Every structure is written in C-alpha cells, then in structure tokens.
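This report concerns only the one structure given below.
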Amino acid sequence: MRTKIVAGNWKMNKTLAEAQSLTSEIIGMVADEVKGNVKVVLCTPFPYLHAVNNQLGNNNRIAVGAQNCSEHDWGAYTGETSAAMLAAMNIPYVIIGHSERRQYFGEDGALLAKKVDKALAQGLTPIFCCGEPLEIREKGTHEALVKQQVEESLFHLSAEGLQKVVIAYEPVWAIGTGKTASSQQAQDMHAVIRKHIASKYGAIAENISILYGGSVKSDNAKELFACADVDGGLVGGASLKSREFVEIVKAI
Ligand code: PGA
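Using this note's numbering, the first residue of the sequence shown is number 55, and each one after it goes up by one.
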C-alpha cells in the first residue's frame with residue numbers, strides 16, 4: 055500500500071500569527087473530521103517551521119515540511135538553509151525542485167540531484183517536483199521532459215534511497231492558474247512516471263507515492279485522487295484556507 059499524502063505548499067505567504075492560526079484550525083478539523091490514514095504535510099516558510107512543528111507536538115497525522123534546502127551542509131552560503139539544519143529541528147519533509155525554484159532561481163536537474171542526496175542523507179523525505187511548461191505540453195513532448203526530469207535528479211539513487219522519495223507531478227501550466235489537468239491527463243502522466251521508475255528499479259515503483267499538484271481544489275480533488283496512480287496532492291493556493299484544505303484532505 056502506498057502512503058496517501060496531502061501536502062500544503064504555503065509558498066511565501068502568511069505572517070507568523072496567521073500561520074499559527076491556520077495550523078491550529080487544521081489540527082482541529084483533521085482530528086474531528088478526517089478518517090483513514092492520509093498523511094497531511096504543512097510546508098511552511100522557513101521562519102515558521104519551528105513554531106508550527108511545536109504546535110503539532112507529536113501529532114502522528116500531520117507533519118511539517120520545508121519548501122527547499124541547500125545542496126551544501128554548512129558554511130558561507132548567505133541566506134541558505136541546509137538539510138542538516140532541518141533534520142536537527144526534526145523537520146521530516148522538504149519540497150525539492152518546485153517549478154518556481156526551477157524557473158525563478160535557475161535550479162536544474164543536476165543541482166536538484168544534490169539536494170535530494172542531502173535531504174536523504176539527513177533522513178528527510180524529499181517531495182521531488184517535476185512537470186512540464188505549457189509550450190512543451192502543446193508540442194507534445196511532455197512525457198519525454200518529465201521522464202528526463204525524474205531521471206536527472208533521482209536515477210542515481212539506490213533502490214533503497216529512491217523508496218524514501220515522494221514525487222509530485224505538477225504541470226507548470228496548472229500551477230496557480232485555476233486550470234487543473236484533467237484526471238485523465240494526471241493519471242496518464244503518473245502512470246508514465248511509475249513505468250519509467252519500474253524500467254530501472256522494478257517492482258518498487260509500485261511503492262512510490264506520486265502526488266498531483268496544480269490548482270487542486272475541494273471541487274476537483276475527489277476525481278483526481280480517484281485515479282489509480284494518483285496518491286494524493288501538493289496543494290498551493292487552496293492550502294492557505296483551513297476549510298478548503300481540509301476538504302481536499304477529506305477527498306482522498
Ligand atoms: P496551486 O499550486 O495549487 O496554487 O496551483 C501548487 C503548487 O505550486 O505546489
């Protein structure tokens with residue numbers, strides 16, 4: 055059985071006070087309303103990780119995650135945060151390779167491979183993002199590009215390492231645009247990713263959780279999550295409102 059995960063990516067939003075209210079609302083609603091064994095991850099801005107993690111205490115259904123980490127362990131890298139620092143703060147998850155990092159900060163496949171290595175070496179679970187921009191989808195080369203992204207940053211891992219990675223497929227044209235991939239488009243790409251992993255790693259591909267991201271909302275989550283190869287979601291905008299986010303969690 056693959057782990058079902060719904061992760062909220064708060065991006066660069068909320069004050070600390072707002073982040074703490076959002077967290078306490080989510081804690082309450084998840085406790086009261088969410089059945090089953092879905093794992094909820096709150097990927098907060100760096101300065102709030104410690105506070106949100108303390109608020110969660112030893113909640114075994116909700117965990118905190120960072121949105122990025124450095125490819126270095128320590129040292130003179132002003133403004134950076136390392137996987138070693140996150141691990142020492144008991145932060146279990148980290149998003150790596152979000153399309154906004156690729157697009158605005160020039161992060162490429164080779165750099166992301168190093169970040170994945172650092173996260174795994176520190177015992178963190180990387181949520182590795184892949185996905186094609188609109189022009190690639192329109193050209194029809196989206197499957198080739200996503201396979202290449204997965205290959206470049208994950209295929210150097212041992213089977214043991216790969217099994218600790220969560221993948222998020224996020225078509226760039228669906229992020230923050232209100233334009234969701236159809237459940238068929240999501241399922242097709244998730245199956246392509248899983249098959250590609252199976253071609254190198256064999257049966258363990260069946261154990262890898264692959265999340266869909268890109269304008270997931272409470273009214274489309276159920277259909278997306280019903281797809282055989284969609285194991286949950288990475289949710290941006292809709293994760294900033296507790297009611298909307300928890301309805302997405304309940305859709306799984
Ligand atoms: P969105 O963002 O849900 O606002 O489209 C998803 C993401 O960027 O992870």
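Note that CB positions come from ideal geometry on N, CA and C, so glycine has one too.
Computed from a predicted structure; not experimentally measured.
For the ligand PGA, any of its heavy atoms closer than 8 Å to the Cβ of Leu178?
Leu178 Cβ: outside cutoff for every heavy atom of the ligand PGA.
Hey, would you say Lys89 sits closer than 9 Å to Ala138, going by beta carbons?
no
Assuming Asn108 is part of the beta strand (DSSP E), what are its boundary residues?
Looking at the DSSP string, Asn108 is not in any beta strand (DSSP E); the run it does join, the alpha helix (DSSP H), is 103 to 110.
Return helix, strand or coil for Lys93, following the three-state DSSP convention.
When secondary structure is reduced to three states using DSSP, Lys93 falls in the strand class.
Across which residues does DSSP place Thr179 in a beta bridge pair?
Tyr147
Determine, using beta-carbon pairs with one atom in the stretch 272 to 286 and one in the stretch 64 to 71, whether at least three such pairs fall under 8 Å.
no
With distances taken from CA atoms, which of Cys123, Asn113, Glu301 is nearest Ile81?
Asn113
With a 10 Å radius around its C-beta and 16 neighbouring C-beta atoms as the bar for buried, classify Gly133 as buried or exposed.
exposed
Along the beta strand (DSSP E) that carries Leu265, what are the first and last residues, could you check?
264 to 267
What are the residues that DSSP puts in a beta bridge with Cys184?
Tyr223
Heavy atom of the ligand PGA less than 8 Å from the Cβ of Leu288, yes or no?
yes
Looking at the structure shown, is Leu288 part of a helix, part of a strand, or coil, going by DSSP?
strand
Could you tell me which residues DSSP pairs with Ala61 in its beta bridges?
Val95, Leu288
Hey, would you say the C-beta of Glu154 is under 8 Å away from at least one heavy atom of the ligand PGA?
yes
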